[in-house]
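Take a look at the structure below.
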Amino acid sequence: MTAAAHTSAFRRPIIAANWKMHKTAQEAVSYGQKLLAGISGVTGVEVVVCPPFTALAALGPVLSGSDVALGAQNVHWEAAGAYTGEISAAMLVDAGCRYVIIGHSERRAMGETDEQVACKVKAAAAAGLTPIVCVGERIEDRRAGRTEELVTAQVRAALAGVAPEIAAKIVVAYEPVWAIGTGEHASPAEAGRVIGLIRSAVEATCGTHAASCVRIQYGGSVNAENIGGFLAEPEIDGALVGSASLDAGSFARIVRRAQEVKGS
Ligand code: PGA
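Residue numbering for the sequence shown is 74 to 337, as defined by the working numbering.
Right, here's the structure in full:
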């Protein structure tokens, strides 16, 4: 049986907010309170908020005791040392994080390599964090018909040497670079097709069980209006949301829509 033939019913949908370089600690606190009020009663959808490092300590206590998990936007692969400006996986765990975004295209554009992404995935998982590994093609890759090749190579590189039982627990975010922050998004069918290819790449790298368990999100100009279409695709297990996550009300609407389409 191929991974794609496995039912998605046991993969819990996961919606994550990526604030990028937005919000102070105080703004994070009021956002957290508003979000919790806006999604009260929602079950069956995992919700993650990834603020800047500087807001983790303030947002953590607001979310603790709720079902909303705290995540970070980056991590270093070394445990400690002379790495000015970097943050280790253990520090993120200490700050209350359960997730960490790794290999976002905005970081890859600043020089982050597939090898560094792979090291970060291993370090994060070893510390008990769930990596949200971002992959996606640039517009020139897509025009050149290289989407499949590129995305598959990114997945294989990120998961190289990762044990199947670890790979089964990670989250992958398929984010076409041309769709990030542009208002333009992939069609749900196209996103579902590429995500099916990503699942096959996970299967080739880490085996069938990991491929059928790994949750794969779509990201790129997701909002409350279009998320339903993405989540109706059986291969798509959730979304990584940038701009539309910055307002707590807007992000709450996305989460509630996810529950309508996918939740139990
Ligand atoms: P966007 O960003 O929703 O603003 O397109 C998504 C992301 O970069 O994760």
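Every residue gets a Cβ at the ideal spot worked out from N, C-alpha and C, and that includes glycine. Note that the structure is a prediction, hence the values are computed from the model and not measured.
When DSSP states are grouped into helix, strand and coil, S294 belongs to the coil group. Taking the C-beta atoms as reference points, S139 is found no nearer than 8 Å to L165. Going by C-alpha positions, I175 is about 30 Å away from G114. Placement of the Cβ of H177 at a distance of less than 7 Å from at least one heavy atom of the ligand PGA is found. The DSSP-derived three-state label of G144 is strand. A residue is called buried once 16 or more other Cβ atoms fall within 10 Å of its Cβ, and D167, having fewer, is exposed.
According to the DSSP secondary-structure assignment, N91 is paired through a beta bridge with C123.
Here I239 is not near V287, since their CB atoms are 8 Å or more apart. Per DSSP, L319 lies in no alpha helix (DSSP H) and is assigned neither H nor E. Distance from the CA atom of A331 to the CA atom of N299, rounded to whole angstroms, is 11 Å. Here C192 is near W150, since their CB atoms are less than 8 Å apart. Taking C-beta separations shorter than 6 Å and ignoring five residues to either side along the sequence, the partners of G256 in its chain run S294, following chain order. With distances taken between CA atoms, A89 lies nearest to A325 out of G336, E333, A325, V334. Per DSSP, the beta bridge partners of C207 are A246.
Here the distance from the Cβ of V295 to the nearest heavy atom of the ligand PGA is below 7 Å. In the three-state scheme derived from DSSP, where H, G and I count as helix and E and B as strand, A153 is classed as coil.
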